[in-house]
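*Asks:*
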Amino acid sequence: MRISIQHLTKIFPSRTKGGEAVHAVEDMNIEIPSGQLVGLLGPSGCGKSTTLFMLSGLESPTSGKILFDDQDVTTLAAEKRGIGLVFQNYALYPHMTVEQNIRFPLDNMRIKKEEGNARALDAARLVQIEDLMSRKPNELSGGQQQRVAIARALVKMPNVLLLDEPLSNLDARLRLQTREEIKRIQRTTGITTVFVTHDQEEAMSICDTMVVMKLGVVQQIGAPQDIYDDPNNLFVANFLGTPPINIFKGYTEGGKVYIGGEAVAEAPASCGYENREVYVGIRPEGFIYDAEGAFTLRVDHIEVMGRDKSVVSVHECSTKPTVRSIIDSDVMLPPDAETLRFNIKPYKLFLFDAETEERLR
Amino acid sequence: MMEEKETVATLAETPKERNKPGLGARFKREKAPAGGDGLTPEGPTLSRGERFRRGLRSQSGWLFVTPALILMAVFTFYPIIAAFVGSFQQQYNGMTGTFNGWGFDNFIRVLKGDTGTGGANFVQCLVNTLLLTFVSVPLSTLLALLISVALNSIKRVQKLYQTVFFLPYLTNALAMGAVFATFFKIIGTPNNTDTVGIVNIVLGWFGIKPIDWVGLQSPHWQLGKLNIPWAKYIVTIIYEVWSGLPFKILILFSAMQSINKQYYDAAKVDGASRWTVLWHITAPMIMPQISYLLVTGIMGGMKQYSAIVGLFGETMGMNYDMGTMVGYLYNYIGLGQTGYAYAGSLILFVIIMIITWINNLITKKRTTY
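Protein sequences, first through last, are from chains A and B.
All the letters of the first sequence, read from the start, carry residue numbers 0 to 360 under numbering that gives the first Met the number 0.
All the letters of the second sequence, read from the start, carry residue numbers 0 to 368 under numbering that gives the first Met the number 0.
1) Considering only the alpha carbon of each residue, which of B/I350, B/M321, B/M71 and B/F252 lies closest to B/T162?
2) Short of 6 angstroms in beta carbon distance, which residues of its chain neighbour B/V134, apart from the five on each side in sequence? Order them along the chain.
3) Return yes when the Cβ of A/T208 is within less than 8 angstroms of the Cβ of A/Q35, no when it is not.
4) Near B/I351, what residues of its chain come up, given a Cβ to Cβ distance below 6 angstroms and the 5 sequence neighbours on each side ignored?
5) With a threshold of 8 angstroms between beta carbons, is A/L84 in contact with chain B?
6) Taking contact to mean at least 3 C-beta pairs separated by less than 8 angstroms, is the segment 228-238 of chain A in contact with the segment 346-354 of chain A?
7) State the CB to CB distance for the pair B/W220 and B/W212, rounded to an integer number of angstroms; the pair is presumed to be in contact (CB under 8 angstroms).
8) Using only the alpha-carbon positions, how far apart do A/E284 and A/A290 sit?
9) Leaving out five residues on either side along the sequence, give the residues of the same chain with a beta carbon under 6 angstroms from the beta carbon of A/L162.
10) Based on DSSP bridge pairs, tell me the residues matched to A/N342.
11) Tell me, which residues are paired with A/N245 by DSSP?
12) Might you give, ordered along the chain, the residues of its own chain that have their beta carbon closer than 6 angstroms to the beta carbon of B/K27, omitting 5 neighbours on each side?
13) Give me the Cβ distance between A/M212 and A/C45, rounded to the nearest whole Å; I'm assuming they're in contact under 8 angstroms.
14) I'd like the list of long-range same chain contacts for B/G34, defined as Cβ closer than 7 angstroms, with 5 residues on each side in sequence excluded.
15) Count the other CB atoms, across all protein chains shown, that sit within 10 Å of the CB of A/P165; report buried if there are 16 or more and exposed otherwise.
16) Smallest Cα separation from B/T95: which of B/G335, B/K267, B/R52 and B/A342?
17) Can you give the Cα-Cα distance for B/S139 and B/V240, rounded to whole angstroms?
18) Is it true that the CB of A/N168 sits closer than 8 angstroms to the CB of A/G189?
19) Going by alpha carbons, who is nearest to A/V444 out of A/K16, A/P12, A/L51 and A/V21?
20) I want to see whether chain A comes within less than 8 angstroms of B/Y291, judged by CB atoms only; does it?
21) Counting beta carbon pairs with one atom in the segment 257-266 of chain A and one in the segment 297-304 of chain A, are three or more of them shorter than 8 angstroms?
22) Return the first residue and the last residue of the beta strand (DSSP E) that A/M209 is part of.
23) Assign B/L38 to buried or exposed, taking buried as 16 or more other Cβ atoms, counted over all protein chains shown, within 10 Å of its Cβ.
24) Compare the C-beta of A/M108 against all C-beta atoms of chain B and say whether one is closer than 8 angstroms.
25) According to DSSP, is B/I258 part of a helix, a strand, or is it coil?
26) Buried or exposed: where does A/R282 fall if 16 or more other Cβ atoms within 10 Å of its Cβ makes it buried?
27) Does the segment 313-327 of chain B touch the segment 48-64 of chain B, meaning 3 or more C-beta pairs lie closer than 8 angstroms?
28) May I have the straight-line CA-CA distance separating A/T191 from A/G215, to the nearest angstrom?
29) Please state whether DSSP places B/A67 in a helix, a strand or coil.
30) Could you have a look at B/W101 and say whether DSSP puts it in helix, strand or coil?
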């Protein structure tokens with residue numbers, strides 16, 4: 000099912016008299032093609048969960064429209080939208096067995112017992128919990144509960160599957176496993192899926208399309224790699240990538256980008272931004288060690304990862320305490336060097352306006 | 000009593016535990032007894048005084064429970080034992096303290112209703128009590144559940160309603176019973192010209208002739224020796240339900256408020272109707288509270304008395320036809336026939352025990368998840 004979000008806005012009135020109303024989501028416009036896995040990504044309080052609940056029908060928007068295919072569902076009740084929703088804490092009914100939990104939506108649809116059983120079993124098989132059908136939720140691990148919640152959402156064959164922070168309650172190892180699982184289930188079923196996360200790695204790893212949000216405003220929409228390689232503004236550049244991007248205060252002069260007096264790169268030819276202050280973002284993997292390089296960093300220490308090593312250094316123009324650059328482990332660095340020089344890969348360097356923090360291309 | 004003993008045991012053990020070598024002992028060095036050095040508390044050389052002090056401390060738990068033990072012995076254990084013994088003393092004379100041999104005579108006469116005193120009939124009282132309890136307690140719990148759900152779903156004047164529903168709880172049972180009686184009363188003889196209570200006035204609007212709900216002409220059915228005063232039953236049940244509501248609403252409402260809202264969101268997405276939500280989500284989630292109310296309600300119902308007196312006066316209706324089990328006991332104590340009262344109380348005790356046991360069996364099954 001195709002989802003179209005048009006000028007969606009949600010304003011929560013303030014709790015206290017005279018207080019300020021909270022603009023949870025502002026003028027959101029997204030087109031989600033059918034069968035895609037979409038991640039809503041942003042720090043907490045950015046309105047991503049609110050968006051999800053508006054899609055589910057549990058919250059009603061202040062203004063704007065939501066369309067499933069060409070049907071306007073903005074005012075349609077949650078149960079009539081044909082969605083499956085997985086809650087952050089799963090919200091499994093503790094007094095029902097796994098089977099009863101999965102069957103619950105079917106029972107409400109008054110589906111016959113035999114058919115209901117068969118469908119419940121199918122859904123359980125899909126998430127590989129068919130052996131646990133007679134257990135109660137509190138006898139399951141977090142990962143198993145998560146699967147039950149997904150099975151319960153899938154059993155009514157929804158047009159849209161919505162997941163609220165699906166991995167946040169799992170431990171690190173299970174998280175890796177489960178996100179692949181979600182991807183697999185989404186592929187098998189082909190259901191248009193929207194999920195919410197604050198973990199950029201999680202979003203990057205499984206999304207077809209990623210929506211980066213900040214304070215209720217969409218910052219950028221696109222494929223994960225595209226957003227990573229071509230961020231719209233400083234926030235997006237900063238939010239994506241582990242380790243995070245290095246940000247320096249710099250300026251442009253004579254067609255070159257300067258950081259602390261060193262010309263590290265060519266300024267984008269087309270931009271015509273001469274002689275102005277900029278933020279320079281350089282991805283950690285954008286550094287090439289070169290004894291004659293253009294950019295000098297004072298080394299603090301070197302962390303060896305095995306596959307690569309990361310040089311942790313300091314620079315007076317950096318906006319963060321340390322600068323991290325990742326170098327291939329087969330590049331030999333001079334031992335005990337106090338400073339190292341690097342060349343910068345031009346496509347790993349981004350310029351942002353010092354005032355608006357918008358990208359200068 | 001078992002609980003008491005356990006508490007004593009744990010209290011007594013605490014000082015000994017502190018002397019075991021371990022983290023506790025090491026960190027509590029400064030608190031260690033003066034005799035030892037604190038580091039080697041298991042050391043063999045303890046002074047006599049220290050050993051005495053420790054011995055005393057290990058027994059000090061007893062000291063703390065002694066006042067309670069004495070009070071319970073005087074006011075609980077002695078009466079229980081005395082009642083037990085007394086119930087087997089035939090034809091006990093309160094004036095002389097003499098009795099005519101041991102046996103089951105009291106029990107047989109109580110159950111047969113052959114007491115020869117004109118007092119209440121035991122079987123009548125038992126039937127009344129069971130009937131009233133097993134109708135009014137489930138009914139008021141169900142009503143409380145529905146009211147709590149309604150209360151939970153309104154936002155604006157919730158606090159006001161909460162207060163209104165709780166008010167009866169603060170009112171005395173006798174006073175409420177008396178007020179209820181006036182609602183249902185007919186003053187004078189029951190013919191159409193007499194002054195009638197508000198209930199009969201309202202019934203009159205629907206063309207129903209006044210019924211003497213609580214008085215001497217109250218309608219009833221006769222089942223062999225047994226009297227079924229249905230009009231009085233209705234009044235009593237209405238009263239019991241109404242007076243039982245506040246506490247039940249309080250418990251159920253607060254239990255409902257602690258249910259995570261996400262369950263309701265999930266149910267909504269899953270397309271559950273309000274009815275389904277109530278019976279498949281809300282009710283099971285507050286099952287511990289519901290069963291608590293049923294158990295305590297039934298126990299309380301088995302011991303009801305003051306409400307009956309409030310409604311029907313000291314004679315509990317006509318010839319004790321609204322008598323209850325506890326009413327029976329008071330009746331026979333009042334008549335100086337303590338032997339029958341003792342026997343009746345033992346039977347009541349056994350019945351309550353059986354009901355509680357059944358209750359436990361059911362609720363254990365239903366509330367564990």
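For glycine and all other residues, C-beta sits at the position ideal for the given N, C-alpha and C.
Please read these numbers as outputs of a predicted model, since none were measured by experiment.
*Replies:* The answer reads as follows:
1) B/F252
2) I236
3) yes
4) M301
5) yes
6) yes
7) Not a contact, Cβ separation roughly 15 angstroms.
8) 17 angstroms
9) V85 and F194
10) A/I287
11) A/I281
12) At B/K27 the pLDDT is 43, less than 50, meaning the model places this residue with poor confidence; the figure from the coordinates comes in the next sentence. Hits under 6 angstroms: none found.
13) 4 angstroms
14) Model confidence at B/G34 stands at a pLDDT of 45, short of 50, so the residue's coordinates are unreliable; what they give is reported in the following sentence. Closer than 7 angstroms at Cβ, skipping near neighbours: L45, S46 and E49.
15) buried
16) B/G335
17) 5 angstroms
18) no
19) There is simply no residue 444 of chain A to check, as chain A begins at 0 and stops at 360 in what is shown.
20) no
21) no
22) T208 to K213
23) Since pLDDT at B/L38 reaches only 49, below the 50 mark, its modelled position is unreliable, and no value is offered.
24) yes
25) coil
26) buried
27) no
28) 23 angstroms
29) helix
30) strand
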